[in-house]
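There are 2 protein chains.
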Amino acid sequence: MPRYGAIEAGGTKFVCAVGTGPRDLTTTRIATTSPGQTLARCLEFFAAQGKVDALGVGSFGPVELRPESRRYGHITATPKPGWANADVVGPLSRALAVPIGFDTDVNAAVLGEARWGAARGLRDAVYVTVGTGIGGGALSGGRLAHGLLHPEMGHLLLPREADDQDFVGSCPFHGGRCWEGLAAGPALERRWGQPAETLPAGHRAWDLEARYLGSALATLVLVLSPERLILGGGVMQTPHLLPLVRAQLLRALGGYVQADEILAHVDEYVVAPGLGQDSGILGALALAEAAVATPV
Amino acid sequence: MPRYGAIEAGGTKFVCAVGTGPRDLTTTRIATTSPGQTLARCLEFFAAQGKVDALGVGSFGPVELRPESRRYGHITATPKPGWANADVVGPLSRALAVPIGFDTDVNAAVLGEARWGAARGLRDAVYVTVGTGIGGGALSGGRLAHGLLHPEMGHLLLPREADDQDFVGSCPFHGGRCWEGLAAGPALERRWGQPAETLPAGHRAWDLEARYLGSALATLVLVLSPERLILGGGVMQTPHLLPLVRAQLLRALGGYVQADEILAHVDEYVVAPGLGQDSGILGALALAEAAVATPV
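If you read the sequences in order, they're chains A and B. The first sequence begins at 0 in numbering that gives the first Met the number 0 and counts up one residue at a time. The second sequence begins at 0 in numbering that gives the first Met the number 0 and counts up one residue at a time.
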């Protein structure tokens, strides 16, 4: 049975793993320092774990995913010190000499959910994380969506709610015009003057938050027509937020999309991750699988 | 050389064609009456034109595209009298006994543009029509995007411009919250009190229109990351609108997407259709080609 390596490359930590799936996974966490030091520590982990047949990497971005680019496998224009234009795939490929699958962290997450989690067997699904930032990955027709670059759906533009006209927003690029600027953790903290995780369940912050999330998911339904929407990330850990979001998605769609899967079964249409906190690392493992199936 | 049939099925007219591509195409127009009568007249045209190897149909919607559905090939919940739940592919398939490719009119259009027009050779592109309504089709990784249903991107939600707060919008489902409700032809007519085609080039209507179109295209870039955006439809015939839209797309993105293709070459990134008014019918022909390559 093939054995794979996986890296979930984040701005704070790199999670590394070796295994075959959710029930057979050895993991470790490495603090993100410089690219050279961080990748060297990943390689030490893999050396200690023995031979793998392929590696998958789900990375923070933006990343270069076009195989024909000479920067393929690099993190590109990140503001994170030391990481702009860092080659991630190159050093790993030279050291391990196995096929490597590489994509964004959120594209990896949706692939992981489609392989083992809440989107199992589906070919069109979206995974969204709502936390310090907002990001999304999409599987379209069984393929991870990317073209010119890759989706940056956390910055899609949103209508302002009538009772929230004055908030300046928290996005450095789009202020209060985009999803992340209106609804990520830092937007909640700036609007209400306290960290999102300290806002009690009945606080009106959550009704407003659910309206913005519902509007954004409506746009994703209208653009991508996914078979399921999976919502992860720190803000989504808030109890009772998910049911509010489902109701607000229905409100935002306004009856336009006539599909029983949404209108009659929204509880199964908008769901929490099936893999809990492991969508990303298991998604990276699924990228490794896919790299052997179709080497890049 | 294979010879194909094509139908662009619209609410007002059906365009039928036989041929092999843009330089070899015989077309006719049939008024849209009842489904039975309209399809019978299409079949008369094909009978007179001789044998085809496959047929492609790009249809107004919503349509059922899931091959496993018993309603595959039907128009579904349209308000158009007589056409709700009309079977389009069934009667054509029984009469012609050839493989049939079936998709939305706008998905057909993006496929046609990728085959012979402004998106030739690309695997990720979006075609948008701005006219009486707004619709969009997407090619994602070489495949037309659909999942649960199909994209209905004309209804994606948009932030309201500060100088346009009071407009009620023209969408029966979303009022002034969605793209179509703010920027389709009927929205222009309702906002300014005269038909869009009578608004002169210097009218401030066009600056506002370009801002809404720029915002919507920004959301499409952020969700789908296409390699090119193609804008067709009646409203886009307005001289000088396209350059305004390009500028407003850049404004809406706010420098977030770091790609020279957008930042330095927006004139080649947002373009008019390469096939003029024929994106739809040629796209249907491309659907026929694809149906033989991979029968559904």
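Glycine included, each C-beta is placed from N, C-alpha and C at the ideal position.
- Neighbours of His145(B) in chain A, taken as residues at a C-beta separation under 7 Å, are given in chain order as Ser224.
- Around the CB of Asn84(B), fewer than 16 other CB atoms lie within 10 Å, so the residue is classed as exposed.
- Going by C-alpha positions, Ala246(A) is about 22 Å away from Arg176(A).
- For the pair Ala107(B) and Gly282(B), the CB atoms are nearer than the 8 Å cut-off.
- Under the criterion of beta carbons closer than 8 Å, Leu223(B) and Pro150(A) qualify as touching, at roughly 7 Å.
- Taking all protein chains in view, the Cβ of Asp104(B) is crowded by 16 or more other Cβ atoms within 10 Å, so the residue is classified as buried.
- Rounded to whole angstroms, the gap between the alpha carbons of Leu187(A) and Gly213(B) is 27 Å.
- Counting the other Cβ atoms within 10 Å of the Cβ of Met0(A) gives fewer than 16, which makes it exposed.
- At a Cβ-Cβ threshold of 8 Å, Thr31(A) and Lys12(A) count as neighbours.
- For Phe45(B), the enclosing alpha helix (DSSP H) starts and ends at Pro34 to Gln48.
- Under the three-state reduction of DSSP, Asp52(B) is assigned to coil, being neither helix nor strand.
- If you draw a 10 Å sphere on the C-beta of Leu157(B), you find 16 or more other C-beta atoms in it, and that means buried.
- Among the bridge pairs identified by DSSP, Lys79(B) is matched with none.
- Contact of Gly254(B) with chain A is assigned, a C-beta pair being separated by under 8 Å.
- Taken atom to atom, the span from the alpha-carbon of Ala195(A) to that of Ala183(A) is near 9 Å.
- The beta carbon of Met152(A) sits closer than 6 Å to the beta carbons of Gly135 from its chain, once the five residues preceding and following it are set aside; these are given in chain order.
- Closest in C-alpha terms to Val167(B), from the list Val97(B), Ala144(B) and Trp191(B), comes Trp191(B).
- For Glu67(A), the number of other beta carbons within 10 angstroms of its own is below 16, and it is reported as exposed.
- Contact annotation, Leu155(A) with Leu216(B): C-beta distance approximately 11 Å; criterion of less than 8 Å not satisfied.
- Contact of Phe172(A) with chain B by beta-carbon distance below 9 Å involves Leu252, Gly253, Gly254 and Tyr255.
- The beta carbon of Arg40(B) is closer than 7 Å to those of Ile29 in its chain, skipping five residues each way along the sequence.
- For Val222(B), the enclosing alpha helix (DSSP H) begins and ends at Arg203 to Leu223.
- Closer than 8 Å to the CB of Pro66(A) there is not a single CB belonging to chain B.
- Counting every other CB atom within 10 Å of its CB across the protein chains shown gives Arg210(A) a total of 16 or more, marking it as buried.
- The three-state secondary structure of Ala283(B), taken from DSSP, is helix.
- Sequence-distant partners of Phe101(A) (beyond 5 residues in either direction) whose C-beta falls short of 6 Å from its own C-beta, in its chain, are Val56, Gly72 and Val88.
- The stretch 223-237 of chain B and the stretch 266-282 of chain B touch, with no fewer than 3 CB-CB distances between them shorter than 8 Å.
- Here Leu284(A) is actually not in contact with Ala46(A); their C-beta atoms are around 18 Å apart, not less than 8 Å.
- Residue pairing by DSSP places Glu226(B) in no beta bridge whatsoever.
- Excluding five sequence positions before and after Glu63(B), the CB atoms of its chain that fall closer than 6 Å to its own CB belong to Arg70, Tyr71, His73 and Thr75, given in chain order.
- As DSSP reads the structure, Phe59(B) sits in no beta bridge.
- The beta-carbon of Ala76(B) is placed less than 8 Å from the nearest beta-carbon of chain A.
- Straight-line measurement puts the Cα of Phe172(B) at about 26 Å from the Cα of Tyr126(A).
- Sixteen is the threshold: when 16 or more other Cβ atoms of the shown chains lie within 10 Å of the Cβ of Leu110(B), as they do, the residue is buried.
- Exclusion of the five residues before and after Trp178(A) leaves Ile133, Gly153, Leu155, Leu157 and Ala215 as the residues of its chain whose Cβ lies within less than 6 Å of its Cβ.
- Boundaries of the beta strand (DSSP E) harbouring Glu7(A): Tyr3 to Ala8, taken from the DSSP string.
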